[in-house]
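Asks:
In my numbering, the protein residues as written are 65 to 513.
1) Taking the alpha carbon of residue 117 as the reference point, which residue from 126, 130, 98 has its own alpha carbon closest?
2) Evaluate residue 110 with the Cβ neighbour count: other Cβ atoms within 10 Å of its Cβ, from every protein chain shown; 16 or more gives buried, anything less gives exposed.
3) With distances taken Cα to Cα, identify the nearest neighbour of residue 144 among 154, 127, 161, 165.
4) Output needed for residue 247: all residues of its chain with C-beta closer than 6 Å, excluding positions within five of it in sequence on either side, in chain order.
5) Going by C-alpha distance, which of 219, 128, 90 is nearest residue 167?
6) Is it buried or exposed for residue 85, if we count other Cβ within 10 angstroms and need 16 for buried?
7) Based on Cα-Cα distance, which residue from 199, 225, 91, 295 lies nearest to residue 274?
8) Out of 114, 171, 104, which has the shortest C-alpha to C-alpha gap to residue 75?
9) Who does residue 249 pair with in a DSSP beta bridge?
10) Which of helix, strand or coil does DSSP assign to residue 125?
11) Thinking C-beta only, is residue 175 closer than 8 Å to residue 155?
12) Pick from 207, 204, 187, 217: whose alpha carbon is nearest that of residue 194?
13) So, under 8 Å CB-CB, residue 334 and residue 317 are touching, yes? Tell me the CB distance rounded to an integer number of Å.
14) Cβ atoms of residue 189 and residue 209: under 8 Å apart, would you say?
15) Helix, strand or coil for residue 88 per DSSP?
16) Would you check if the distance between the CB atom of residue 93 and the CB atom of residue 120 is smaller than 8 Å?
17) Please state if the CB of residue 137 and the CB of residue 157 are separated by a distance shorter than 8 Å.
18) Can you give the Cα-Cα distance for residue 125 and residue 244, rounded to whole angstroms?
19) Check whether the Cβ of residue 194 lies closer than 7 Å to any heavy atom of the ligand ADP, and answer yes or no.
20) Relative to the C-alpha of residue 152, which residue among 131, 169, 297 is closest?
21) By Cβ distance below 6 Å, which residues in the same chain neighbour residue 299 in space, the five residues on each side in sequence not counted?
22) Who are the near neighbours of residue 314 in its chain, counting only those whose CB is closer than 6 Å to its CB and skipping five residues on each side?
23) For residue 68, which beta-bridge partners are listed by DSSP?
24) Going straight from the alpha carbon of residue 171 to that of residue 147, what length do you get?
25) For residue 327 versus residue 307, is the C-beta distance shorter than 8 Å?
26) Please list, in chain order, all residues of the same chain as residue 73 whose beta carbon is under 6 Å from its beta carbon, the five residues on each side excluded.
27) Determine the DSSP secondary structure at residue 140, reduced to helix, strand or coil.
28) Residue 255 and residue 234 look like a contact to me (Cβ under 8 Å); what is the Cβ gap, rounded to whole Å?
29) Between the C-alpha atoms of residue 324 and residue 289, what's the straight-line distance to the nearest angstrom?
30) How big is the Cα-Cα spacing for residue 229 and residue 301?
In structure tokens, the structure reads:
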């Protein structure tokens, strides 16, 4: 229950075994060593440590305050219900093994290293990290807050029911191995990289990513929210029962390998690319795609909704028991290879191209096609409806047992090859040219012909 005050320690060694309900104050330590074994309900205050070493084994219900550490080393083994405060660390190293129900606060770390092994129900706060490295192995029920990270690296191995908050990351790297029932929040990432291996029942929120890269391996029952991605890349391998929300993607790339029972929501994609390999029982919603590309390989029991596609390309390989809805496609291209027992709905296609290779027991509905091209090859047992296809070119090859209805197809060219037992109905198809090749037993109905 005493007070120990030291003004200057130069090239010396200070050893303390136990400090109980006491205060240790140091002004300047130069090329020296401070060794502490146990601090209980005490306070340790340091103003300046230059090229020195501070070692602490156990701090219980105590407080450690440091103002400036230059080219020094701070080592801590166990901090229990204590507080560690640091103002400035320059070219130094801070090592922590176990922090339980404690708080670690750092204001500025320049060209330094912070290493943490285990944090349980604790809080780690960082304001500015420049050219430094932050390494964390296990965080349980804890909180990690970062304001500014510049040209530095943040590595996390396991975060369980914890929270990671980042304000600004510039030309830095954030690596996460496993996040379970945790939350990761990012405000701004500029020319940085965010890598995530596994996220289970967690949430990832991003405000702005500029010229950065976001990589995710596996997301299970989690949520990923993105507001603005500019000239960046987002890569996802597997998303299970999760949600991905994107507001604005400009000149960026979004790559998805497998989405199972998940939802992908996109508001605006400008000059970007969206690639999807497999979507099972999921939903993909897009509001506006401008000069972008959307590629899908396999969609099973899923729904794809698009509101406006301008100067863009949508490519689909296989859609089984799924639904594709499009409202407006302008100067764009939609390519479909195989649609089985699915539904494709289009409201307005202007100066665009829609290509279908095989449609099996599916439904294709078109309301208005203006100066566009619609091509269907191998549409067996399919139902095709076109309304208002002015000046459009429609070609069907191999449409056996197909029901085709055209309403208002003025000056339209319709060609059917091999359309056996096909039923074709035209309403208002003035000056229309209809050609059937091999269409035996075909029924053609023309209204106002």
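Even glycine gets a Cβ: it sits at the ideal position worked out from N, Cα and C. From a predicted model like this one, the values you see are computed outputs, not experimental measurements.
Replies: Considering the structure as presented:
1) One-based indexing of the chain shown puts residue 117 at position 53. Of the residues 126, 130, 98, the one whose Cα lies closest to the Cα of residue 117 is 98.
2) The residue labelled residue 110 in the question sits at position 46 within the chain shown. If you draw a 10 Å sphere on the C-beta of residue 110, you find 16 or more other C-beta atoms in it, and that means buried.
3) Here residue 144 corresponds to residue number 80 of the chain shown, with the count starting at 1. When each option's Cα is compared against that of residue 144, the closest is 165.
4) Along the chain shown, one-based indexing puts residue 247 at 183. Beyond the five residues adjoining it in sequence on each side, residue 247 comes within less than 6 Å, by CB distance, of 227, 267 in the same chain, given in chain order.
5) By one-based count along the chain shown, residue 167 stands at place 103. The shortest Cα separation from residue 167 among 219, 128, 90 belongs to 128.
6) For the purposes of this step, residue 85 is taken as residue 21 along the chain shown, with counting starting at 1. Exposed, since its Cβ has fewer than 16 Cβ neighbours within 10 Å.
7) Here residue 274 refers to the residue found at position 210 when the chain shown is read from its first residue. Checked all of 199, 225, 91, 295; the closest Cα to residue 274 is 295.
8) Residue numbering aside, residue 75 sits at position 11 when the chain shown is read from its first letter. Distance check between residue 75 and each of 114, 171, 104 places 114 closest, using alpha-carbon atoms only.
9) Start at 1 with the first residue of the chain shown, and residue 249 comes out as number 185. DSSP lists 229, 269 as partners of residue 249.
10) Counting from one through the chain shown, the residue named residue 125 turns up at place 61. The DSSP-derived three-state label of residue 125 is coil.
11) Taking the chain shown and counting its residues from 1, one reaches residue 155 at position 91. Taking the chain shown and counting its residues from 1, one reaches residue 175 at position 111. The answer is yes: Cβ separation under 8 Å.
12) In the chain shown, the residue the question calls residue 194 occupies position 130. Selected option, being the one with the closest Cα: 217.
13) Position 270 of the chain shown, counting from 1, holds the residue named residue 334. Position 253 of the chain shown, counting from 1, holds the residue named residue 317. The pair is not a contact, with the Cβ atoms about 12 Å apart (cut-off 8 Å).
14) Within the chain shown, residue 209 is the residue found at index 145, counting from 1. Within the chain shown, residue 189 is the residue found at index 125, counting from 1. Result yes, Cβ atoms of residue 209 and residue 189 sit closer than 8 Å.
15) Your numbering for residue 88 matches position 24 in the chain shown. In the structure shown, residue 88 sits in a strand (DSSP, three-state: E or B).
16) Translated into the one-based positions of the chain shown, residue 93 becomes position 29. Translated into the one-based positions of the chain shown, residue 120 becomes position 56. In this structure, residue 120 does not lie closer than 8 Å to residue 93 by Cβ.
17) Position 93 of the chain shown holds residue 157. Position 73 of the chain shown holds residue 137. Residue 137 is positioned such that its CB atom lies closer than 8 Å to that of residue 157.
18) For the purposes of this step, residue 125 is taken as the residue at position 61 of the chain shown. For the purposes of this step, residue 244 is taken as the residue at position 180 of the chain shown. Spanning the two alpha carbons is a distance of roughly 29 Å.
19) Within the structure as shown, the ligand ADP is missing, as the structure has no ligands at all.
20) Position 88 of the chain shown holds residue 152. Per the Cα distances, 131.
21) Translated into positions along the chain shown, residue 299 becomes position 235. Around residue 299: 279, 319.
22) Numbered from its first residue, the chain shown carries residue 314 at position 250. So the qualifying residues of the chain are 294, 334.
23) Here residue 68 is taken as the residue at index 4 of the chain shown, counted from 1. According to DSSP, residue 68 bridges with 88.
24) As a working mapping, residue 171 is identified with position 107 in the chain shown. As a working mapping, residue 147 is identified with position 83 in the chain shown. Computed Cα separation, rounded: 14 Å.
25) As a working note, residue 327 is residue 263 in the chain shown. As a working note, residue 307 is residue 243 in the chain shown. At a Cβ-Cβ threshold of 8 Å, residue 327 and residue 307 count as neighbours.
26) Taking the chain shown and counting its residues from 1, one reaches residue 73 at position 9. Excluding sequence neighbours, residue 73 sits near 93, 96.
27) On the chain shown, position 76 is the one that residue 140 refers to. Three-state result, residue 140: strand.
28) Residue numbering aside, residue 255 sits at position 191 when the chain shown is read from its first letter. Residue numbering aside, residue 234 sits at position 170 when the chain shown is read from its first letter. Contact between residue 255 and residue 234 is confirmed by a C-beta separation of about 7 Å, below the 8 Å threshold.
29) Here residue 324 is taken as the residue at index 260 of the chain shown, counted from 1. Here residue 289 is taken as the residue at index 225 of the chain shown, counted from 1. Distance between the alpha carbons of residue 324 and residue 289: 17 Å.
30) Locating residue 229 in the chain shown gives position 165, where the first residue counts as 1. Locating residue 301 in the chain shown gives position 237, where the first residue counts as 1. In this structure, the CA atom of residue 229 is about 24 Å from the CA atom of residue 301.
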